[in-house]
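For reference, each letter of the sequence shown is one residue, going 0 to 110 in numbering that gives the first Met the number 0.
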Amino acid sequence: MGVGYMLSPLSWWNDLFFNLPIAYGFAYVVTWGQPDWFWAATVVGYWLSNVLGIVMMQWGAVDLFFSQRQANWRRDLLISLGSSTAYTLVVAALLYTHLLPVPEFLAQAPN
Numbered sequence: 000m001g002v003g004y005m006l007s008p009l010s011w012w013n014d015l016f017f018n019l020p021i022a023y024g025f026a027y028v029v030t031w032g033q034p035d036w037f038w039a040a041t042v043v044g045y046w047l048s049n050v051l052g053i054v055m056m057q058w059g060a061v062d063l064f065f066s067q068r069q070a071n072w073r074r075d076l077l078i079s080l081g082s083s084t085a086y087t088l089v090v091a092a093l094l095y096t097h098l099l100p101v102p103e104f105l106a107q108a109p110n
């Protein structure tokens with residue numbers, strides 16, 4: 000549950016230290032031969048790291064607080080995907096409109 004919290008959008012500091020570097024690394028690897036796709040790959044990597052964090056937190060919390068409840072993994076996964084997608088779209092829109100500044104070390108695609 001702790002790692003999930005660090006990856007999830009519920010902590011205010013996680014993006015700078017965890018999600019954006021993970022997204023940047025993901026985009027760097029995925030766009031090795033196609034640097035034009037770097038921005039889109041960064042958004043996908045960011046979304047995936049948020050989904051992973053929310054899913055890990057949700058599964059940990061369900062196991063911790065509702066040990067007697069039978070897990071509905073499909074429902075839990077759909078809720079996680081929906082909330083992560085909404086959060087990622089908001090952050091991408093804030094970055095695109097320059098309402099949220101991009102840190103310098105993440106501002107340019109690698110050569």
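Where a beta carbon is used, it is the ideal one built from N, C-alpha and C, also for glycine.
Practice task
Return the chain-ordered list of same chain residues with a C-beta closer than 6 Å to the C-beta of A91, the five sequence neighbours on each side being excluded.
Solution key: In the sequence shown, counting from the first residue as 1, residue 91 sits at position 92. Taken in chain order, the residues that qualify are V42.
Practice task
Return the CA-CA distance between N71 and G59, expressed in angstroms with no decimal places.
Solution key: Residue mapping note: residue 71 aligns to position 72 of the sequence shown, counting from 1. Residue mapping note: residue 59 aligns to position 60 of the sequence shown, counting from 1. Whole-angstrom Cα-Cα distance: 14 Å.
Practice task
Identify the continuous alpha helix (DSSP H) that holds S10 and give its terminal residues.
Solution key: Translated into positions along the sequence shown, residue 10 becomes position 11. Looking at the DSSP string, S10 is not in any alpha helix (DSSP H), and its letter there is neither H nor E.
Practice task
Please name the residue, chosen from V54, P20, V101, F64, that lies closest to T84 on a Cα-to-Cα basis.
Solution key: The residue labelled residue 84 in the question sits at position 85 within the sequence shown. Among V54, P20, V101, F64, the Cα nearest to that of T84 belongs to V54.
Problem - Q33 in three-state terms, based on DSSP - result: Residue numbering aside, residue 33 sits at position 34 when the sequence shown is read from its first letter. Q33: coil per DSSP, three-state reduction.
Practice task
Quick one: using the 10 Å Cβ neighbour count with 16 as the cut-off for buried, is V101 buried or exposed?
Solution key: Start at 1 with the first residue of the sequence shown, and residue 101 comes out as number 102. Exposed, since its Cβ has fewer than 16 Cβ neighbours within 10 Å.
Problem - Cβ-based neighbour list, D75, same chain, cut-off 6 Å, excluding 5 preceding and 5 following - result: As a first step, residue 75 must be located in the sequence shown, where it is residue number 76. Shown here for D75: same chain residues with a beta carbon closer than 6 Å to its own, the five before and five after excluded, namely Q57 in chain order.
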